[in-house]
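According to my numbering, the stretch in the sequence shown is residues 8 to 483, in order.
Even glycine gets a Cβ: it sits at the ideal position worked out from N, Cα and C.
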Amino acid sequence: MNSWLEVLKPEEIEEIHAASLEVLEDVGVEFQLEEARAAFQAHGARVAGSRVYIPRLLIEQALTAAPERFLLEARNPARSVWIGGGETVFAPPAGCVYVQATGTARRSAVPADYIDLVRLVHQSTHYGTNGGGIVIPEGDFGSDEEKFAWLLLAGHWYSDKPQMGLNLGAKVSRLALDFSRMAFGGRPGCRILGTINPDSPLMFSPEMLASLLIYAREGQGLIVAPCSMAIATSPATLAGTLVVNNAEILAGLTLAQLVRPGTPVVYGNTSTIADMKTMAIALGAPELSLLVLGTAQMARRYRLPSRAGGSLTDAKEPDMQAGLESMLSLLSTVAGGVSIVMHAGGILDSFLTLSYEKLIIDEDTGGMAKRFQRGIEVNRETLALEAIADRGAGGNFLDHEHTLKHFRNEIWRPQLSDREVYQEGRDYQAYTLAKATQAWQKRLEGYSRPVLPEEVEREMLDFYHQRFGSEPVLDV
Numbered sequence: 008m009n010s011w012l013e014v015l016k017p018e019e020i021e022e023i024h025a026a027s028l029e030v031l032e033d034v035g036v037e038f039q040l041e042e043a044r045a046a047f048q049a050h051g052a053r054v055a056g057s058r059v060y061i062p063r064l065l066i067e068q069a070l071t072a073a074p075e076r077f078l079l080e081a082r083n084p085a086r087s088v089w090i091g092g093g094e095t096v097f098a099p100p101a102g103c104v105y106v107q108a109t110g111t112a113r114r115s116a117v118p119a120d121y122i123d124l125v126r127l128v129h130q131s132t133h134y135g136t137n138g139g140g141i142v143i144p145e146g147d148f149g150s151d152e153e154k155f156a157w158l159l160l161a162g163h164w165y166s167d168k169p170q171m172g173l174n175l176g177a178k179v180s181r182l183a184l185d186f187s188r189m190a191f192g193g194r195p196g197c198r199i200l201g202t203i204n205p206d207s208p209l210m211f212s213p214e215m216l217a218s219l220l221i222y223a224r225e226g227q228g229l230i231v232a233p234c235s236m237a238i239a240t241s242p243a244t245l246a247g248t249l250v251v252n253n254a255e256i257l258a259g260l261t262l263a264q265l266v267r268p269g270t271p272v273v274y275g276n277t278s279t280i281a282d283m284k285t286m287a288i289a290l291g292a293p294e295l296s297l298l299v300l301g302t303a304q305m306a307r308r309y310r311l312p313s314r315a316g317g318s319l320t321d322a323k324e325p326d327m328q329a330g331l332e333s334m335l336s337l338l339s340t341v342a343g344g345v346s347i348v349m350h351a352g353g354i355l356d357s358f359l360t361l362s363y364e365k366l367i368i369d370e371d372t373g374g375m376a377k378r379f380q381r382g383i384e385v386n387r388e389t390l391a392l393e394a395i396a397d398r399g400a401g402g403n404f405l406d407h408e409h410t411l412k413h414f415r416n417e418i419w420r421p422q423l424s425d426r427e428v429y430q431e432g433r434d435y436q437a438y439t440l441a442k443a444t445q446a447w448q449k450r451l452e453g454y455s456r457p458v459l460p461e462e463v464e465r466e467m468l469d470f471y472h473q474r475f476g477s478e479p480v481l482d483v
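Here it is as structure tokens:
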């Protein structure tokens, strides 16, 4: 297509920008870490207690310093991905605490689930990144710190795709950078991409700020992504929510650039609404998709990569509700031109549950969305005048050389969607889920672990043992 799907007029974008600057200068942002406040104060910002009032000049300078796109490196260079610049990269879920597979009830994730999911994502052509905290498993770990270290280690151990980081305070962030440094053999570049979530409205916790500072000092990638709920933690109006979110993102981005100009920062947002009946987060709401589109437009206004949306739903099983909500959120995300899409598959129950079947089904959802966004290419070759003249009225194009030349690229084909002739007695909902089950099980059977140099393996294992006094269990 020649343009992205947009919901804001140019003048409305500027109104949101101006309102956000007013909020940053007059209302201020709570930075609950002295080191962060000191960085702002050293550059002329007014600080009162834990609140920082950020002048627009600092914002403008930070936006000038931040890159429009950057290369997120993979251990296997062929799998590195560009974040920004018009391409959309899909990333797996993050932070799910439960898993579900057809025929079984929802249960708490365990370490074996994490390894299986990393293996599945590793082999997928849908997901461009891997690792981080696809699920947060229960297990026999001595501490939460050890659990997160194990997640980081296992991500590098079982995949050579670009890795998502973990940002849960200083210790975990340093672990993420340590493991990425070892995996890359000290090779420079942006080796990991972490997420910083403000506490809406207008506040950053000590843990998030410590993580931001650690990543920024080493020039590693950061996504600054609010997750506010309109009505509860941001204004009821979507425009007001965008103002609060924009102010939060600009505040985080500015701090990163003060620490190290040129730090890769992604303009992120996972905000939606609170359901007025339950006050629960509503991921399947159309308002989420509107905020996704507005987020992408604001990011383009600032010439920044964006992160928003996903294949999101509040449904508890991969049913009709899951399908319609996931397609709305993912199609709007891709059509809006979002650069990197976390939670691009597998999500159920408002981020809580990862479905093995939906992880595969959403590969079709994403494929449909990308094909839709690619649009219709019109040129002399695609107009097919020669083929039309050759076959003429009443002709058939099935075996024409023009068809053979173009059908693989022009026509998208699903791996699971049913296009067969109707068969009596078939339970079609169960049939689709069964195909998804077979697909992920077959993929696991065909998994082959990518080569990790022996000296790197030894360094990682020794580091883990020295840090936690135990050996990581990786063959589960």
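Can you give me the start and stop residues for the beta strand (DSSP E) that residue i sits inside?
| i | result |
| --- | --- |
| Glu37 | Val36 to Phe38 |
| Tyr105 | Tyr105 to Gln107 |
| Tyr60 | Arg58 to Tyr60 |
| Thr360 | Thr360 to Ser362 |
| Tyr274 | Val272 to Asn276 |
| Arg53 | Arg53 to Ala55 |
| Ser296 | Careful: Ser296 lies outside any beta strand (DSSP E), inside the alpha helix (DSSP H) at Pro293 to Arg308. |
Confirm, please, whether the CB-CB distance from residue j to residue i is below 8 Å.
| i | j | result |
| --- | --- | --- |
| Glu152 | Val179 | yes |
| Ala443 | Glu384 | no |
| Gly196 | Glu80 | yes |
| Phe186 | Leu160 | yes |
| Pro100 | Gly353 | yes |
| Glu225 | Leu184 | yes |
| Arg5 | Asp167 | For residue 5 there is no data in the structure shown, the boundaries of the chain being 8 and 483. |
| Ala396 | Phe404 | no |
| Ala303 | Ala98 | no |
| Ser336 | Leu300 | no |
| Pro421 | Gly382 | no |
Mind checking residue i: buried by the 16 CB within 10 Å criterion, or exposed?
| i | result |
| --- | --- |
| Trp419 | exposed |
| Ala55 | exposed |
| Gly192 | exposed |
| Phe38 | buried |
| Ala376 | buried |
| Phe414 | exposed |
| Val428 | exposed |
| Pro208 | buried |
| Met286 | exposed |
| Gly91 | buried |
Could you pull out every residue in the same chain whose Cβ sits closer than 7 Å to the Cβ of residue i, ignoring the five residues on either side in sequence?
| i | result |
| --- | --- |
| Val117 | Pro144, Glu145 and Gly146 |
| Lys323 | Leu355 and Asp356 |
| Met334 | Thr372 |
| Pro74 | Gly269 and Pro271 |
| Asp282 | Ala289 |
| Arg267 | Ala223, Arg224 and Gly226 |
Compute the Euclidean distance between the alpha carbons of residue i and residue j, then round it to the nearest angstrom.
| i | j | result |
| --- | --- | --- |
| Asp369 | Thr132 | 12 Å |
| Leu216 | Leu265 | 13 Å |
| Val34 | Tyr60 | 7 Å |
| Glu255 | Glu408 | 55 Å |
| Ser346 | Thr136 | 13 Å |
| Leu70 | Ser455 | 43 Å |
| Trp11 | Leu338 | 12 Å |
| Pro205 | Ala263 | 14 Å |
| His163 | Tyr471 | 13 Å |
| Val483 | Tyr121 | 10 Å |
| Tyr165 | Leu257 | 35 Å |
| Arg27 | Met305 | Note on residue identity: the sequence assigns Ser, not Arg, to residue 27. If I take the Cα positions, the gap works out to 11 Å. |
| Phe379 | Glu417 | 11 Å |
| Gln473 | Leu31 | 44 Å |
| Pro293 | Met171 | 28 Å |
| Phe211 | Val36 | 8 Å |
| Leu78 | Arg433 | 47 Å |
| Leu64 | Ala72 | 12 Å |
| Ala156 | Leu481 | 12 Å |
The alpha helix (DSSP H) that contains residue i, what's its start and end?
| i | result |
| --- | --- |
| Arg188 | Ala177 to Ala190 |
| Phe77 | Element bounds for Phe77: not the alpha helix (DSSP H) but the beta strand (DSSP E), Phe77 to Leu79. |
| Arg474 | Glu461 to Phe475 |
| Ser339 | Met327 to Ala342 |
By Cβ distance below 6 Å, which residues in the same chain neighbour residue i in space, the five residues on each side in sequence not counted?
| i | result |
| --- | --- |
| Gly291 | Thr320, Asp321 and Glu332 |
| Tyr134 | Phe97, Pro99 and Val128 |
| Pro457 | Asp167 |
Whose C-beta lies closer than 8 Å to the C-beta of residue i among residues of the same chain, with five residues either side of it excluded?
| i | result |
| --- | --- |
| Ser218 | Asn174, Leu175, Gly176, Ala177, Val179, Ser180, Gly201 and Ile203 |
| Met467 | Leu160, His163, Trp164, Phe186, Met189 and Ala190 |
| Glu431 | none |
Confirm the yes/no value for this check: CB of residue i, any heavy atom of the ligand SAM, distance under 7 Å.
| i | result |
| --- | --- |
| Pro100 | Among the ligands in the structure shown, none appear at all, so the ligand SAM cannot be discussed. |
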